[in-house]
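Report on the structure given below.
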Amino acid sequence: MNNINWKKADFLLKLPILELLSLADKDRKQALGRRFELCSIINAKSGLCKEDCKFCAQSARYKTGIAVYPLKAKGEIVYAAKKAKEAGAKRFGIVTSGNRLSDKEIKRIADVIYKIRKEAGILTCASLGKLDKDALIMLKKSGLCRYHHNIETSRRFYPKIVSTHTFCERLNTIRSAREAGLEVCSGGIIGLGESWKDRVAMAQTLKELDVESVPLNFLIP
Numbered sequence: 007m008n009n010i011n012w013k014k015a016d017f018l019l020k021l022p023i024l025e026l027l028s029l030a031d032k033d034r035k036q037a038l039g040r041r042f043e044l045c046s047i048i049n050a051k052s053g054l055c056k057e058d059c060k061f062c063a064q065s066a067r068y069k070t071g072i073a074v075y076p077l078k079a080k081g082e083i084v085y086a087a088k089k090a091k092e093a094g095a096k097r098f099g100i101v102t103s104g105n106r107l108s109d110k111e112i113k114r115i116a117d118v119i120y121k122i123r124k125e126a127g128i129l130t131c132a133s134l135g136k137l138d139k140d141a142l143i144m145l146k147k148s149g150l151c152r153y154h155h156n157i158e159t160s161r162r163f164y165p166k167i168v169s170t171h172t173f174c175e176r177l178n179t180i181r182s183a184r185e186a187g188l189e190v191c192s193g194g195i196i197g198l199g200e201s202w203k204d205r206v207a208m209a210q211t212l213k214e215l216d217v218e219s220v221p222l223n224f225l226i227p
């Protein structure tokens, strides 16, 4: 947060929202033109997560009535990847619940990624929680191109939404993914009770991490 030009940030945040959106859209057009990519995901393992992230319906600490199931079979995930490719998606993301998968589950997903690369021909991403560099290297060798790991919010606000793991752990996983040679997709959630300064600080952290993609989610309680 010390590297942020707060005077400039305060000026921007005081602009009427439509003017701010117009400026942001101008930057987007200069950087990307009219291009966009479609990404499809599969919830490959659902529910029973031991973490206490206040925004997540998959935490075992909450009773939300969501579907709960173990890691899906390889064939089912590969089939979903093929359907995503047919529908026009450029990327296919494998997403699982929980802070970390078991070594056996990681190996299964590595095998799935290899099969998707061979049979579906679609770029594969994954959001598998906290992984170490060795696991990420194995996934990279199997064909994974991008790892998704949100920081969710600012360092200051993070303890208010999660107590079972730290903001630093999130950053360490992202850095490990970079060291493994993977692209990184990392963003956060708007509407958790954070301030505008927290949002600016989150953006600054993502800039420092030099991630390739920044997804923004909007919480509707």
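If you use my numbering, the sequence shown corresponds to residues 7 to 227, in order. For glycine and all other residues, C-beta sits at the position ideal for the given N, C-alpha and C. For clarity, every value in this text was computed on a predicted model and none was experimentally measured.
| query | result |
| --- | --- |
| Out of E125, A79, L107, state which residue places its alpha-carbon closest to the alpha-carbon of A90. | E125 |
| Within 10 Å of its beta-carbon, does A86 have 16 or more other beta-carbons around it, so buried, or fewer, so exposed? | buried |
| Could you pull the start and end residues of the beta strand (DSSP E) that R3 belongs to? | The requested residue 3 does not occur in the structure, where the chain is confined to residues 7 to 227. |
| Within its chain, find whatever has a CB closer than 8 Å to the CB of I196; leave out the 5 residues flanking it on each side and keep chain order. | R205, L222, N223, F224, L225 |
| If you draw a straight line from the C-alpha of L177 to the C-alpha of E158, how long is it? | 11 Å |
| In the DSSP assignment, the beta strand (DSSP E) including A132 goes from what residue to what residue? | 129–133 |
| When DSSP builds the beta bridges, which residues end up paired with T102? | K51 |
| According to DSSP, simplified to helix, strand and coil, what is E111? | helix |
| Starting from L145, trace the alpha helix (DSSP H) both ways and give me its first and last residue. | 139–148 |
| Taking F17 as part of the alpha helix (DSSP H), name the residues at either end of that continuous run. | 12–19 |
| CA-CA distance, W202 and S160? | 10 Å |
| Opposite C191 in the DSSP bridges: which residues? | H154, S219 |
| What do you reckon, are the CB atoms on I167 and L198 nearer than 8 Å? | yes |
| Could you check the C-alpha separation between K78 and D31 for me, to the nearest Å? | 39 Å |
| CA-CA distance, L64 and K96? | The sequence given here has Gln at residue 64, not Leu. One C-alpha to the other measures close to 27 Å. |
| Rounded C-beta distance between K51 and P76? I'm assuming under 8 Å. | 6 Å |
| DSSP beta-bridge partners for I196? | F224 |
| Taking all protein chains shown into account, do 16 or more other C-beta atoms lie within 10 angstroms of the C-beta of I112, making it buried, or fewer, making it exposed? | buried |
| Going by C-alpha to C-alpha distance, which of V217, Y164, A183, L145 sits closest to I115? | L145 |
| Can you tell which of S46, G81, F173, L215 has its C-alpha closest to the C-alpha of A132? | S46 |
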